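These notes concern the structure reproduced below.
Protein chains: 2
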Amino acid sequence: MAELLKGAPVAAAIGERTRKRAEALRARGIVPTLALVRVGARDADIYYERNAVKRCAALGAEARSVLLPEDVTEAALLETVGALNEDPSVHGVLIFRPLPRHISDARVRAALSPEKDVDGITDGSLAGVFTGSGRGFCPCTAQACAEILDHYGVDCAGKRAVVMGRSLVIGKPVSQLLLARNATVTVCHTGTRDLAEETRRADIVVTAVGRLHSLTADHVSPGQVVVDVGINTNAEGKMAGDADLAAVEPIVAAITPVPGGVGNVTTAVLVCHTVEAAERQNP
Amino acid sequence: MAELLKGAPVAAAIGERTRKRAEALRARGIVPTLALVRVGARDADIYYERNAVKRCAALGAEARSVLLPEDVTEAALLETVGALNEDPSVHGVLIFRPLPRHISDARVRAALSPEKDVDGITDGSLAGVFTGSGRGFCPCTAQACAEILDHYGVDCAGKRAVVMGRSLVIGKPVSQLLLARNATVTVCHTGTRDLAEETRRADIVVTAVGRLHSLTADHVSPGQVVVDVGINTNAEGKMAGDADLAAVEPIVAAITPVPGGVGNVTTAVLVCHTVEAAERQNP
Numbered sequence: 032m033a034e035l036l037k038g039a040p041v042a043a044a045i046g047e048r049t050r051k052r053a054e055a056l057r058a059r060g061i062v063p064t065l066a067l068v069r070v071g072a073r074d075a076d077i078y079y080e081r082n083a084v085k086r087c088a089a090l091g092a093e094a095r096s097v098l099l100p101e102d103v104t105e106a107a108l109l110e111t112v113g114a115l116n117e118d119p120s121v122h123g124v125l126i127f128r129p130l131p132r133h134i135s136d137a138r139v140r141a142a143l144s145p146e147k148d149v150d151g152i153t154d155g156s157l158a159g160v161f162t163g164s165g166r167g168f169c170p171c172t173a174q175a176c177a178e179i180l181d182h183y184g185v186d187c188a189g190k191r192a193v194v195m196g197r198s199l200v201i202g203k204p205v206s207q208l209l210l211a212r213n214a215t216v217t218v219c220h221t222g223t224r225d226l227a228e229e230t231r232r233a234d235i236v237v238t239a240v241g242r243l244h245s246l247t248a249d250h251v252s253p254g255q256v257v258v259d260v261g262i263n264t265n266a267e268g269k270m271a272g273d274a275d276l277a278a279v280e281p282i283v284a285a286i287t288p289v290p291g292g293v294g295n296v297t298t299a300v301l302v303c304h305t306v307e308a309a310e311r312q313n314p
Numbered sequence: 032m033a034e035l036l037k038g039a040p041v042a043a044a045i046g047e048r049t050r051k052r053a054e055a056l057r058a059r060g061i062v063p064t065l066a067l068v069r070v071g072a073r074d075a076d077i078y079y080e081r082n083a084v085k086r087c088a089a090l091g092a093e094a095r096s097v098l099l100p101e102d103v104t105e106a107a108l109l110e111t112v113g114a115l116n117e118d119p120s121v122h123g124v125l126i127f128r129p130l131p132r133h134i135s136d137a138r139v140r141a142a143l144s145p146e147k148d149v150d151g152i153t154d155g156s157l158a159g160v161f162t163g164s165g166r167g168f169c170p171c172t173a174q175a176c177a178e179i180l181d182h183y184g185v186d187c188a189g190k191r192a193v194v195m196g197r198s199l200v201i202g203k204p205v206s207q208l209l210l211a212r213n214a215t216v217t218v219c220h221t222g223t224r225d226l227a228e229e230t231r232r233a234d235i236v237v238t239a240v241g242r243l244h245s246l247t248a249d250h251v252s253p254g255q256v257v258v259d260v261g262i263n264t265n266a267e268g269k270m271a272g273d274a275d276l277a278a279v280e281p282i283v284a285a286i287t288p289v290p291g292g293v294g295n296v297t298t299a300v301l302v303c304h305t306v307e308a309a310e311r312q313n314p
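Read top to bottom, the protein sequences are chains A and B.
In terms of our numbering, the first sequence opens at residue 32 and continues consecutively.
In terms of our numbering, the second sequence opens at residue 32 and continues consecutively.
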């Protein structure tokens, strides 16, 4: 039976550190504040927003919801982002994506100040992830994967890590975080010839495919640590990860459950970034 | 006997395309111009500068050497960079590095406009390499590796590519270029446990270690394509790559020689970037 690497204790540990830093800021009269910019009313966004608001409250940060109608013009959204950039009482900005089709994602990303980009969508943030320095922040979900490994004492140095997926939200940034932890990192994707052969020889597998049962018994080996970033809906209509848990879990050494794994850590990282942003903006 | 993937034909092909574009710019009264900022008088810099100036002349671009003394202040260098950013007659800027120790590399990199950053040292350029878009340029040597593979018809899609080295100049950017070509990419480094095991199973090996004989017969397999980015000095005082050529060449399918390989393509890419920058700045 694999060890279940649950997200809650990781989130609690990040939360504890974050709460103390938020308190220190409040003692200086600074209330770390996160603006959540939501266009329209997608269920997944509302769900995430509710969790983020709750987490902010629990950790001593303030959440400010900025709601725009589905048919908002690009110009109005850009103006909103510009105003948040300029507002010294707002330290972090999360913009829910994907945006409606009539709005240019690239222009919105470019409009956000990297200093407030607490979910790592700007070029400034992504350059920092790539170079290992910089003014922005790592995408929260990618960092949540690394936080879980760190929390449970999984030493990446010298290990083979295989990342399934090459998105800018997870695959690419998490590969850089693993590389920074001295893993030998392989990035796999839809064009990979024999995926199972790659994943089987890894010590650490991060799956961010977003398809039910894309990690099966055939893909894994004894002793592995699996981080499952997938959020899918299974045949029973319940939330499930990329891994076929019933098949994979008896083989590997440890795996993050879905739900209750990476997803639980993401908002803690988001609030931590907001507090960090507030600190940087008020040195 | 391996096919020798020589750089000269690749450079000639890039040069031919670049020369035509430079001509078109000149017909519009725009002379694509590269500023080469050199602090001090290191042999390797002077050697590269001479090649770059020659290549510019051959392809219809202008090279402007900006020479500063070894003890130039950081402020003076930053002022020079700022002036080049503002100068509309300069389209590309190459700054020789490493800079003297009393100058902050990070501040100089941050001072350069990504639009003129034809050797990919700014965060703007590196974000573009990471995201696959953007305002800057890929580091020339990394791109030269990809140009060689493209020129000789090495299809990366679905292939296993192993990159030895994770620098921002070569290893990391070349890994992104290979990923963009749909290779399954593994980045190895000093912390990799069994390097030879990783490289032996690759279809394409890019070595950017910078140490003589860091790629031996033990590291390679039949059928492989090897791109050797190393520039080292051998026991006879001659230039040599990372690969032990005598041992590796009989085994692999193809390999870039040193000298005469990647190094020959780099300045062609540099001039191509300068012309591209001039086009972007004069739409």
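Quick reminder that beta carbons are idealized off the backbone N, C-alpha and C, glycines included.
All of these numbers come straight from a predicted model, not from anything done at the bench.
| query | result |
| --- | --- |
| Runs of alpha helix (DSSP H) lying entirely within the stretch 46-124 of chain B, each at least 4 residues, in chain order | 74-90, 105-117 |
| Reduced DSSP secondary structure (H/G/I, E/B, other) of Asn-295/B | helix |
| Whole-angstrom distance between Gly-123/B and His-304/B, CA atom to CA atom | 8 Å |
| Contact under 9 Å by Cβ, Leu-210/A with Val-218/B | yes |
| Where Gly-165/A falls, given that 16 or more other Cβ within 10 Å makes a residue buried | buried |
| Neighbourhood of Gly-91/B by C-beta, 7 Å cutoff - its chain only, sequence neighbours within 5 removed | Arg-50, Ala-53, Glu-54, Arg-57 |
| Candidates Asp-249/A, Gly-272/A, Asp-259/A: closest to Leu-243/A by CA position | Gly-272/A |
| Neighbourhood of Val-216/B by C-beta distance below 6 Å, restricted to the same chain and skipping five residues each side | Ala-192, Ser-206, Leu-209, Leu-210 |
| Endpoints, the beta strand (DSSP E) within which Ala-211/A is located | No beta strand (DSSP E) holds Ala-211/A; the alpha helix (DSSP H) holding it covers 202-211. |
| Partners in chain B for Gly-165/A, counting only beta-carbon separations shorter than 8 Å | Asp-154 |
| Spatial neighbours of Ala-308/A in its chain, beta-carbon cut-off 7 Å, leaving aside the 5 residues before and after | His-122, Gly-123, Glu-146, Lys-147, Val-149 |
| Touch test, the stretch 157-175 of chain B against the stretch 178-189 of chain A, Cβ-Cβ under 8 Å, three pairs minimum | no |
| C-alpha distance - Met-195/A paired with Ala-266/A, whole-angstrom precision | 23 Å |
| Amino acids of chain B, ordered along the chain, whose beta-carbon sits closer than 8 Å to that of Ala-158/A | Asp-154, Gly-155, Leu-157, Ala-158, Phe-161 |
| C-beta contact flag for Gly-71/B and Val-293/B at 9 Å | no |
| Ala-43/B versus Asp-234/B, Arg-212/B, Ala-299/B, residue with shortest Cα-Cα distance | Ala-299/B |
| Alpha-carbon spacing of Pro-40/A relative to Leu-226/B, whole angstroms | 36 Å |
| Any non-hydrogen atom of the ligand ADP closer than 8 Å to Ala-274/B Cβ | With respect to small molecules bound, the structure shown includes none, and the ligand ADP cannot be examined in it. |
| Cα-Cα separation between Val-258/B and Ile-286/B, rounded to whole angstroms | 6 Å |
| Min CB distance Val-218/A to chain B below 9 Å | yes |
| Assigned exposure category for Arg-81/A - 16 Cβ within 10 Å defines buried | exposed |
| Between the CA atoms of Ser-120/A and Gln-174/B - distance to the nearest angstrom | 43 Å |
| Alpha carbon of Leu-99/B to alpha carbon of Leu-108/B, nearest angstrom | 8 Å |
| Asp-154/A - containing alpha helix (DSSP H), residue span | 154-162 |
| Given Met-270/A as reference, the closest of Ala-277/A, Ile-262/A, Ile-77/A once Cα atoms are compared | Ile-262/A |
| Residue range of the beta strand (DSSP E) that includes Val-194/A | 191-195 |
| Integer Cβ distance of Val-279/A from Leu-246/A, believed to fall under 8 Å | 6 Å |
| Ala-106/A to Ser-252/A span [Cα, whole Å] | 51 Å |
| Neighbour list for Ala-308/B in chain A, Cβ cutoff strictly below 7 Å | Here the premise fails: no neighbours, minimum Cβ distance about 18 Å. |
| Neighbour-count burial assignment, Pro-314/A, 16 or more Cβ in a 10 Å radius | exposed |
| Collapsed DSSP secondary structure at Val-139/B in the structure displayed | helix |
| Below-9 Å beta-carbon distance, Lys-203/B vs any chain A residue | yes |
| Nearest-angstrom beta carbon gap, Ala-83/B and Ala-66/B [assumed within contact, 8 Å] | Contact doesn't hold; Cβ gap of about 11 Å is too wide. |
| The beta strand (DSSP E) enclosing Asp-259/B, as first and last residue numbers | 256-259 |
| Under the three-state DSSP convention, the category Ala-271/B falls into | strand |
| Extent of the continuous alpha helix (DSSP H) to which Thr-230/A belongs | 226-231 |
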